[in-house]
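Right, one structure below, let's go through it.
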Amino acid sequence: MRVHSLSWDIAVFLKRLPKNLRSNRWWIVWNKRLYLSTPRKGLATNRASQRNHVEDWVAESNHYVVWFLRAFRRKEFEGAQHALFLPELGMFGNMTKRLAAALATADSLGFGHVVVPRSAEFSGGIYERGVHDRGGRALFWMCDTRDSPHSPVTVLHKTDFLSGRALPARELAAFSPRGWADLFSVLINKPVKAPLPDSHLVIHLRGGDVFGPRKPASYGQPPLAFYQRILDNERWSAVTIVHQDDKNPVLRPFLETCKARKVPVTTHSGKVGEDIAELLRASTLVAGRGTFMPAVVGLSRNVKRVFYFHDKFSIHPPVPGVEIIRISDVEGTYVRDVLSNNWENSDYQRKLMLTYPQSNLGRGALH
Numbered sequence: 001m002r003v004h005s006l007s008w009d010i011a012v013f014l015k016r017l018p019k020n021l022r023s024n025r026w027w028i029v030w031n032k033r034l035y036l037s038t039p040r041k042g043l044a045t046n047r048a049s050q051r052n053h054v055e056d057w058v059a060e061s062n063h064y065v066v067w068f069l070r071a072f073r074r075k076e077f078e079g080a081q082h083a084l085f086l087p088e089l090g091m092f093g094n095m096t097k098r099l100a101a102a103l104a105t106a107d108s109l110g111f112g113h114v115v116v117p118r119s120a121e122f123s124g125g126i127y128e129r130g131v132h133d134r135g136g137r138a139l140f141w142m143c144d145t146r147d148s149p150h151s152p153v154t155v156l157h158k159t160d161f162l163s164g165r166a167l168p169a170r171e172l173a174a175f176s177p178r179g180w181a182d183l184f185s186v187l188i189n190k191p192v193k194a195p196l197p198d199s200h201l202v203i204h205l206r207g208g209d210v211f212g213p214r215k216p217a218s219y220g221q222p223p224l225a226f227y228q229r230i231l232d233n234e235r236w237s238a239v240t241i242v243h244q245d246d247k248n249p250v251l252r253p254f255l256e257t258c259k260a261r262k263v264p265v266t267t268h269s270g271k272v273g274e275d276i277a278e279l280l281r282a283s284t285l286v287a288g289r290g291t292f293m294p295a296v297v298g299l300s301r302n303v304k305r306v307f308y309f310h311d312k313f314s315i316h317p318p319v320p321g322v323e324i325i326r327i328s329d330v331e332g333t334y335v336r337d338v339l340s341n342n343w344e345n346s347d348y349q350r351k352l353m354l355t356y357p358q359s360n361l362g363r364g365a366l367h
């Protein structure tokens with residue numbers, strides 16, 4: 001169990017204080033307006049213009065009403081006056097999932113706005129800041145405001161689409177493609193080169209903190225055999241490996257495998273935005289474990305097939321028309337020793353990544 005010192009706790013408190021003063025359980029300050037927390041049963045929506053699931057969702061959300069209307073407990077507000085408010089974004093994978101889910105959910109609920117305050121932006125340089133008009137759908141306030149005293153937002157619904165309550169996938173199915181497309185439209189680093197053909201395999205190889213001092217226990221990575229199996233499964237015209245750094249022990253041996261199979265191979269390692277742009281060119285992708293690649297697949301305008309290993313590959317809101325292929329550890333040793341929330345970057349685990357045989361792997365169901 002990790003024990004923090006008093007000085008560390010004070011430092012964290014002071015760092016978070018400005019953000020907590022702007023958004024907490026009692027109030028939210030946004031766009032020069034004060035919104036006060038309202039009891040869950042104290043807010044009504046216009047039933048004539050909303051579907052039944054809106055009432056259920058609103059009744060269970062944490063919502064805040066502009067201060068001078070707080071006294072009107074049962075006042076009805078049109079859907080256009082409602083906004084989803086995202087207090088946290090996180091890094092690229094979680095950020096993208098939250099934003100795409102918020103856009104699709106707002107459209108499904110008939111809300112007029114999606115609001116992301118500047119304080120929520122943990123990793124900048126991915127999406128354009130600004131107030132983005134989505135052509136009749138929910139207005140997207142991305143870390144920006146119009147500083148208007150006559151803000152069109154009357155009600156803020158604070159929610160987190162990673163740990164909070166979200167609409168079922170079937171409710172979002174009709175709205176998720178447009179949400180993903182609109183999010184792609186505000187991506188800063190879009191692909192500038194032509195899309196790659198189906199026969200060009202693009203692999204994302206995760207490195208970074210997984211192989212550093214932090215060693216997140218739940219993010220052990222696939223074995224070399226996973227990538228070799230996919231390479232041997234078809235005749236590929238070329239392979240591109242997009243890698244974070246050189247820390248993943250699979251990188252060098254897989255490059256040698258490609259050369260031995262006489263498959264042309266190139267590598268790409270740049271800034272996050274540059275890596276994303278390269279991955280978005282692909283028609284056929286191979287995913288490392290984590291939240292990064294589901295976000296790429298959601299944003300992509302080109303992807304047709306994705307291979308992943310064992311787990312940690314769910315796309316929400318859903319993306320239609322993409323073939324998702326699971327490769328599993330049918331023997332079980334690798335999952336037990338590397339992928340069971342027990343990743344330590346130990347010598348044994350790194351060796352297993354390189355020596356685990358292809359014969360222990362199997363192709364799962366398509367979905």
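Once you know that position 183 of the sequence shown is 183 in UniProt numbering, the rest is easy, because the numbers rise by one and skip nothing.
Just so it is clear, CB atoms sit at the ideal spot from N, CA and C, and this is done for glycine as well.
| Check | Outcome |
| --- | --- |
| Runs of 4 residues minimum, wholly inside the region 257 to 294: which ones carry the alpha helix (DSSP H) assignment? | 272 to 279 |
| Which of helix, strand or coil does DSSP assign to serine 23? | strand |
| I want to know whether the region 93 to 106 touches the region 293 to 303 - three or more CB-CB distances under 8 Å. | yes |
| Can you name the residues that DSSP bridges to alanine 83? | His113 and Leu156 |
| According to DSSP, is residue 374 helix, strand or coil? | Outside the modelled stretch of the chain, which goes from 1 to 367, sits residue 374, for which no answer is possible. |
| Which partner residues does histidine 243 have in the DSSP bridge list? | Leu205 |
| Per DSSP, leucine 139 is paired with what? | His113 |
| Less than 6 Å between C-beta atoms, sequence neighbours within five positions excluded: which residues of the same chain meet that for valine 115? | Ala83, Phe85 and Trp141 |
| For a test of the three-state rule: what should DSSP assign to glycine 362, helix, strand or coil? | strand |
| Compute the Euclidean distance between the alpha carbons of threonine 38 and glycine 79, then round it to the nearest angstrom. | 17 Å |
| Please state whether the Cβ-Cβ distance between arginine 363 and isoleucine 327 is less than 9 Å. | yes |
| With a cut-off of 8 Å on the beta carbons, I'd call threonine 284 and histidine 200 a contact; round off their distance for me. | 7 Å |
| Straight-line CA distance for serine 123 to lysine 271? | 12 Å |
| Ordered along the chain, which non-local residues of its own chain (more than five positions away) have a Cβ less than 6 Å from that of serine 23? | Pro87 |
| Measure the alpha-carbon distance for alanine 202 versus tryptophan 27 and round it to whole angstroms. | What sits at residue 202 in the sequence shown is valine, not alanine. When rounded, the distance between both Cα atoms is 46 Å. |
| Can you give the Cα-Cα distance for histidine 310 and cysteine 258, rounded to whole angstroms? | 23 Å |
| Between Pro320, Leu36, Leu69 and Tyr348, which has its C-alpha nearest alanine 181's C-alpha? | Pro320 |
| For lysine 193, count the other beta carbons within 10 Å of its own beta carbon; 16 or more makes it buried, fewer makes it exposed. Which is it? | exposed |
| I'd like to check one pair, glycine 112 with alanine 106: are the Cβ atoms closer than 9 Å? | yes |
| Am I right that alanine 101 and proline 317 are in contact with their C-beta atoms under 8 Å? What's the rounded C-beta distance? | 5 Å |
| Around the C-beta of isoleucine 324, are 16 or more other C-beta atoms found within 10 angstroms, so that it is buried, or is it exposed? | buried |
| Apart from the five residues just before and just after leucine 196, which ones in its own chain have a Cβ nearer than 7 Å to its Cβ? | Val202, Arg281, Ala282 and Ser283 |
| Answer yes or no: do tryptophan 30 and valine 153 have a C-beta to C-beta separation smaller than 9 Å? | yes |
| Mind reading off the beta-carbon distance from serine 61 to histidine 157? Whole number of angstroms is fine, and I expect it under 8 Å. | 5 Å |
| Roughly how many whole angstroms lie between the Cα atoms of arginine 289 and serine 346? | 18 Å |
| Let me know the secondary structure DSSP gives phenylalanine 161 once reduced to three states. | coil |
| Would you please state the rounded distance, in angstroms, between the beta carbons of tyrosine 227 and tryptophan 343? I believe it to be under 8 Å. | Not really, about 18 Å apart at Cβ, beyond 8 Å. |
| Tell me which residues share the same chain as proline 357 and place their Cβ nearer than 7 Å to its Cβ, disregarding the 5 neighbours each side in the sequence. | Ala225 |
| Please tell me whether threonine 330 and asparagine 360 are closer than 9 Å, where the distance is taken between their beta carbons. | Checking the sequence, you will find valine at residue 330 rather than threonine. Against a cut-off of 9 Å, the Cβ pair of asparagine 360 and valine 330 comes out as a contact. |
| Over the uninterrupted alpha helix (DSSP H) stretch that includes glycine 130, give me the two end residues. | Taken as a continuous stretch (DSSP letters only), glycine 130 belongs to no alpha helix (DSSP H), being part of the beta strand (DSSP E) at 130 to 132. |
| Shortest alpha-carbon distance to proline 253 belongs to which of Gly273, Pro223, Ser108 and Leu279? | Pro223 |
| Which residues bound the beta strand (DSSP E) around threonine 38? | 33 to 38 |
| So the alpha helix (DSSP H) valine 306 belongs to, where does it begin and stop? | That residue, valine 306, is in no alpha helix (DSSP H); its beta strand (DSSP E) goes 305 to 309. |
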